[in-house]
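See below for the structure under consideration.
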Amino acid sequence: MKLTETINSPATTARQVIIDAANWRYATKKFDPAKPLEKDDIDALLNTLRMSPTAFGLQPFHFFVIKNQPLRQELFKYANNQRQVLDSSLFIVFAAKTRFEDDELKAFVNLNAELRNYDTGHKNSKLAKLHAFTAKLSGDELFHWSAKQSYLAMGELISAAALMQSNHTLQWAN
Ligand SMILES: Cc1cc2nc3c(=O)[nH]c(=O)nc-3n(C[C@H](O)[C@H](O)[C@H](O)COP(=O)(O)O)c2cc1C
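Quick note on this note's numbering: the sequence shown kicks off at 185 and runs consecutively.
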């Protein structure tokens, strides 16, 4: 039974949907380029990345949707020549941050202050905490901190893909 049919059945519980999606999910080894994802599905998947939880809410990564085929060809080499890099409908590269500029931290705190109505004292203390935290870590330590959080976001993405029955492969390249 397709997961969509399960979800649409009035007798289905959220628990059952989660169990079925987890049992259905698998790492795809061969994608069919003739069956692209729909734009709405891609948007829903990317939204899980945007909304994923991170320490301080800082989202210490960038994710890049690579559509350009020559660039995919270039990246293919760094993924052990695995064809999923060339054939997948949605190809996302995660870049974990290794440093935070002052302006970036300020912009982040300003946005939070605006959205959450911080007073000036609270805003300044948040900024000081972020400065202190990021300043005490080396570039390497920040990379590991950021990379772990990238994996959390990837996990969210994979679960969402399983719920939509659009499958995934994770590939690791340094
Ligand atoms: C960190 C990580 C790296 C992975 N790298 C690859 C990869 O390079 N190529 C690939 O085909 N699958 C990759 N996988 C998928 C695993 O091979 C797959 O999840 C595992 O064999 C279990 O199979 P399943 O996910 O289909 O249940 C990776 C998974 C993880 C978590």
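Positions of the beta carbon are idealized from the N, C-alpha and C atoms, including for glycine. Keep in mind it's a predicted model, so treat the numbers as computed, not measured.
- Using the C-alpha atoms, what's the distance from Phe248 back to Asp365? This structure does not reach residue 365, given that the chain is present from 185 up to 358, and the question cannot be answered.
- Best match in Tyr262, Ala239 and Ser273 for proximity to Leu366 [C-alpha to C-alpha]: Shown here, the chain extends from 185 to 358; a query on residue 366 therefore has no answer.
- Message: Based on DSSP bridge pairs, tell me the residues matched to Ala280.
- Response: Phe245
- Item | beta-carbon Tyr210 near ligand 1 non-hydrogen atom, thresh 6 Å | yes
- Message: Starting from Ala291, trace the alpha helix (DSSP H) in both directions and tell me its first and last residue.
- Response: Asp286 to Arg300
- Task: List the residues that DSSP assigns as beta-bridge partners of Ala211.
- Result: His352
- Query: Which of the three DSSP states, helix, strand or coil, is assigned to Ala221?
  - Reply: Residue identity check: residue 221 is Leu in the sequence provided, not Ala. Three-state DSSP puts Leu221 in coil, outside helix and strand.
- Message: For a test of your reading of the model: does the CB of Thr232 fall under 6 Å from any non-hydrogen atom of ligand 1? Yes or no.
- Response: no
- Query: Where does Ile342 sit, in a helix, a strand or coil, going by DSSP?
  - Reply: If DSSP states are grouped into helix, strand and coil, Ile342 belongs with the helices.
- Query: Can Leu336 be considered in contact with ligand 1, in the sense that its beta carbon sits closer than 6 Å to one or more heavy atoms?
  - Reply: no
- CA-to-CA distance, Asp287 to Ala297, given in whole angstroms: 15 Å
- Under 7 Å between C-beta atoms of Pro237 and Lys281: Taking the C-beta atoms as reference points, Lys281 is found no nearer than 7 Å to Pro237.
- Query: Alpha carbon to alpha carbon, what distance is there between Asn294 and Asn308?
  - Reply: 10 Å
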